[in-house]
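I have placed the structure first, in the form of structure tokens, so that the comments after it can refer back to it.
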Amino acid sequence: MKSPTVAALSPERHIGLVVPRHREPRNSSAEDRAAPWLGLGIAEIGAMVGGLIRQGRPLPVVLTALCQLFDATVKGYASTVLLLDRTGARVRNAAASSLPASYLKQLEGRRVSWIETPIGATINAKTPVIVSDPVSDPEGREAAPATAPGLRFHEVSPILSLTGEPLGIFAMYQHESDPAVTRCHSALIPRFAHVAGAVIERMRSDEALKRSAALLERTQQLSSTCCFSWRVETDEISGSKELCQLFEVDRTDVALSLELIGARIHCEDLPSFHEMIERARNGVSDFEFEHRLRLPDNSVKYLRVVAHRTCDQEGQLEYIGAVQDVTHRRHTEEALATLRAELARAARVTSLGVLTAAIAHEVNQPLAGIVTNASTCRRMLAVDPPDVEGARETARRTIRDAERASEVIKRLRALFCKKGATSESLDLNEATREVVALSVNEFERNNVIVRTELAGELPPVRGDRVQLQQVILNLLLNASDAMSGVDDRPRQLVIRTERAEQDRVRLSVRDTGVGFEPQGVDRLFDAFYTTKSSGMGIGLSVSRSIIESHKGRLWATPNDGPGATFSFSIPCAPQDVPARVTGVRSCGVIRTSAEERHVRSL
Amino acid sequence: MMVERPLVSVVDDDESVRESLPDLLRELGYAVRAFSSAEEFLASDCVGETRCLILDIAMPSMSGPDLQRELTLSAREIPIVFITAQADETLRPRSLEQGAVECLFKPFSDTALFEALNAVFRVR
């Protein structure tokens, strides 16, 4: 243990009060005040050791320095600070400047009951014990055994915490050879004990704080999480250094601010970021959102932010929260989603293959009959004389087999048109929300930002929920597909529902995709018309037939800017008159390329 | 009849094939018997007499290949021309590998059938 030098203790170098909570003991007598060294008050003692604390020196060093200060101040005496363990029952370690190390070593680990009086009494009574004549005090002599040669146990003072718990003992010994026995200590010892208590408590709480900070830091590292606080009034953002690392902001360069963070946010996520900030300023209790960062090296990071509203000490609105880097997780999820989509596609292709094979088998059987019969017929007519009767029979069978093939096709159609349309009163908003929820993954994968603007008071409509949802899904996925090649502008999709004229409700899906040529608008709804490399191009034509069966209209308009808007309007449900959806039965599946992923037979 | 016509047996669960194919085969100069299942064929008195088997691959209960195996196991090997309505291109090489003379996909032309039979009877 390295003892501090006198220079390190000099008050000029270490100003400042370490122990503000300690009160000056009031028992200074006139005689005490007359002694020059008694001017050494708590403030002065504290200042002298305070520097060591600020230097981050360990507790034993600081306590040894305290003893050194005492021993240097009060000639003929040697002091020690005995630290007690957490239970207060044992001496954990002892610090002293001029007591023999072997003696201190002996005290360590001893039960406080061993020290009994006067030290034991000190702990129990929590008041200083003055041993005026330690020589006549046999217990005192015992407490200071002969292992401290030439020293007489003289006086102790308890070192107490703010709450009165025993932290340790400040003990003073007198050199036997020194005849100058004075009551020099009456005021000084409690002062040193007070400072020692403050030092111990302060350093222990510093230590606890350090440990908790280290724990927090480690936890943050392990969970890729950073803590932050945001004072809404001043826009002050503070957080751990990892927070700056997360945003890749050099902390020494500039303090973290909303502006700085905003500059890092992925341009597509900026609107939602600003919206979130606005909501926070308006004082929502908690918020939670995910957004992406576009970093200087152009890489993308996914962050998840969770914050809780609170008030700081001045009563100002403050959010405390955590930012977690979920990039890895998102990448895994994306990979998983791609895999799942591929799997679903493979399964569909497989089942489609099975279906195709079944159809081929069913049709090939009668075709085989037709070909064979026709071949036989030709041969029967080619012989001389021609076998007219046989030829007639084979021709009859040819016709029969052709009819059979046609029956197969009819049966197949019936199979696909099994489900008729149903009619129920339904909330178009709710139906829309369900479809949007279903398509979220699709949108995320295509980096499409979806905004729903659903009318507040939308009257119910009457129709086939599944069919209408199929139309909405078709429009959404078409819009998403139309934006798949767009990289120079946000891929934004707006779904809006509203009341329209003549007791109708309208749903529109607006995208910022490739749009369409105005002259091509008529062909958009034709069956088998497609601009996509995959897909059969029957989605919009089936959608239109569904909407028309709901007595509605489906149309497309080019946007002023990039992209297109597809809308349909259908009548509201008539009051008290049960409506029927009539006419068109939808056949088969609406299959656009996007719906390859969402095929659902109607 | 001066020259005995070789017997070709048709085994197919599809009625239009059982009706049309024998007529064509007769036109081509063969004697024909038609059976609606492999079991029916095995139970008949034609097994030993049959010089060529025109055999549908996919049939309920005993399939064409099942019948082929059965015949091989009982050492009554008859040249087989498989016919199938399944549009599976891999069926032909597999069938040939298993010892069939030919595998025809329905609908097949009279020429294809003629060539397959020629192959059978040239071998013999």
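Line by line, the protein sequences give chains Y and F. Residue 4 in our numbering sits at position 4 of the first sequence, and the numbers go up by one each step. Residue 1019 in our numbering sits at position 19 of the second sequence, and the numbers go up by one each step. Glycine included, C-beta positions come from ideal geometry on N, C-alpha and C.
Rounded distance between the beta-carbons of Arg397/Y and Ser604/Y, thought under 8 Å:
The structure shown does not extend to residue 604/Y, since chain Y spans only 1 to 602, so no value can be given for it.
Checking contacts by CB at 8 Å: is Arg392/Y closer than that to chain F?
It does not; no Cβ of chain F falls within 8 Å.
When you compare the stretch 206-214 of chain Y with the stretch 78-96 of chain Y, are there three or more beta-carbon pairs, one atom per stretch, that lie closer than 8 Å?
Three or more Cβ pairs closer than 8 Å define a contact, and the stretch 206-214 of chain Y falls short of that threshold against the stretch 78-96 of chain Y.
Taking Val1017/F as the query, report the chain C residues whose CB atoms sit under 8 Å from its CB, ordered along the chain.
You won't find chain C in this structure, because its protein chains are Y and F.
Coarse secondary structure for Arg330/Y, derived from DSSP in three states
Here Arg330/Y sits in helix by DSSP.
Please decide whether Met483/Y counts as near chain F, where near means a Cβ-Cβ distance under 8 Å.
Nearest CB-CB separation between Met483/Y and chain F: not below the 8 Å threshold.
Give me the Cβ distance between Asn364/Y and Lys1106/F, rounded to the nearest whole Å; I'm assuming they're in contact under 8 Å.
Between Lys1106/F and Asn364/Y the Cβ distance is about 4 Å, and since that is below 8 Å, they are a contact.
Tell me the DSSP secondary structure of Gly46/Y in three-state form.
Reduced to three states, the DSSP call for Gly46/Y is helix.
Please classify Ser567/Y: does DSSP put it in a helix, a strand, or coil?
Strand at Ser567/Y.
Report the neighbours of Ala1087/F on chain Y: residues whose CB is nearer than 9 Å to its CB, in chain order.
Within chain Y, the residues near Ala1087/F are Thr356, Ala357, Ala360, His361, Asn364.
Determine, using beta carbons only, whether Thr497/Y comes closer than 8 Å to chain F.
No - not a single Cβ of chain F is within 8 Å of the one on Thr497/Y.
Identify the residues that DSSP records as bridge partners of Phe247/Y: which are they?
Within the DSSP bridge table, the entry for Phe247/Y names no partner.
Look up Ser1020/F in the DSSP assignment and say whether it is helix, strand or coil.
Of the three classes helix, strand and coil, the one that applies to Ser1020/F here is helix, per DSSP.
Between Ser406/Y and chain F, is the shortest Cβ-Cβ distance under 8 Å, so that the two count as touching?
No, because no Cβ of chain F sits closer than 8 Å to the Cβ of Ser406/Y.
Rounded to whole angstroms, how far is the Cβ of Thr512/Y from the Cβ of Val505/Y, which I believe are closer than 8 Å?
Contact doesn't hold; Cβ gap of about 24 Å is too wide.
Rounded to whole angstroms, what is the Cα-Cα separation between Leu104/Y and Val61/Y?
C-alpha separation (whole angstroms): 15 Å.
For Glu1133/F, return the contacting residues in chain Y, with the cut-off set at a CB-CB distance below 7 Å.
In this structure chain F extends from 1001 to 1124, so residue 1133/F is not present and cannot be described.
Alpha helix (DSSP H) segments (min. 4 residues) lying fully within the stretch 422-464 of chain Y
Annotation note: the stretch 422-464 of chain Y contains the following uninterrupted alpha helix (DSSP H) runs of length 4 or greater, listed N- to C-terminal: 428-445.
Short of 7 Å in beta carbon distance, which residues of its chain neighbour Ser1095/F, apart from the five on each side in sequence? Order them along the chain.
Contacts found: Phe1082, Cys1103.
Could you have a look at Ile1057/F and say whether DSSP puts it in helix, strand or coil?
Three-state result, Ile1057/F: coil.
Of all Cβ atoms in chain Y, is any one closer than 8 Å to the Cβ of Ser1061/F?
Taking Cβ atoms only, chain Y never reaches closer than 8 Å to Ser1061/F, which makes this a no.
Residue environment, Arg26/Y, which counts as buried when at least 16 other CB atoms sit within 10 Å
Low local confidence applies: a pLDDT of 41 at Arg26/Y is under 50, so the model's placement there is unreliable, with the coordinate-based value given in what follows. Answer is exposed; the Cβ neighbour count stays below 16.
For Ser1016/F, count neighbouring C-beta atoms within 10 Å of its own C-beta (all shown protein chains included) and say buried if the count is 16 or more, exposed if not.
When all chains shown are included, Ser1016/F counts as buried.
Kindly indicate which three-state DSSP category Val1032/F falls into: helix, strand or coil?
Strand.
Could one say the Cβ of Asn1118/F lies closer than 8 Å to chain Y's Cβ atoms, at least one of them?
No, no contact with chain Y.
On a Cα-Cα basis, can you pick out the residue from Phe247/Y, Val91/Y, His194/Y that is closest to Pro108/Y?
The question names Pro, but residue 108/Y in the sequence shown is Glu. The shortest Cα separation from Glu108/Y among Phe247/Y, Val91/Y, His194/Y belongs to Val91/Y.
Does the count of Cβ pairs from the stretch 1036-1054 of chain F and the stretch 1002-1012 of chain F closer than 8 Å reach three?
By the Cβ test, the stretch 1036-1054 of chain F is in contact with the stretch 1002-1012 of chain F, since at least three Cβ pairs between them sit closer than 8 Å.
Could you tell me the boundaries of the beta strand (DSSP E) in which Val300/Y lies?
It spans 300-311 - the beta strand (DSSP E) in which Val300/Y sits, taken as one unbroken run.
Within the continuous alpha helix (DSSP H) that includes Thr1072/F, where are the two ends?
Here the alpha helix (DSSP H) through Thr1072/F covers 1064-1073.
Whole alpha helix (DSSP H) runs in the stretch 255-290 of chain Y with 4 or more residues, listed along the chain?
For the stretch 255-290 of chain Y, whole alpha helix (DSSP H) runs of length 4 or above, ordered along the chain, are 258-264, 270-281.
Can you check which of these residues, Leu59/Y, Arg379/Y, Ser508/Y, is closest to Met203/Y by C-alpha distance?
Per the Cα distances, Leu59/Y.
I think Ile495/Y touches Val436/Y, with their Cβ atoms under 8 Å apart; what is that distance to the nearest whole Å?
Confirmed, Cβ separation roughly 7 Å.
Bridge partners for Glu236/Y per DSSP, in chain order?
Partner(s): Arg231/Y.
Coarse secondary structure for Ile159/Y, derived from DSSP in three states:
It is a strand residue.
Can you name, in chain order, every residue of its own chain whose Cβ lies under 8 Å from the Cβ of Thr394/Y, other than the five neighbours on each side?
Excluding residues up to 5 positions away in sequence, Asn373, Ala374, Thr376, Cys377, Met380 lie with their Cβ nearer than 8 Å to the Cβ of Thr394/Y in the same chain.
How many angstroms separate the CA atom of Phe1108/F from the CA atom of Pro385/Y?
The alpha-carbon atoms of Phe1108/F and Pro385/Y are separated by roughly 27 Å.
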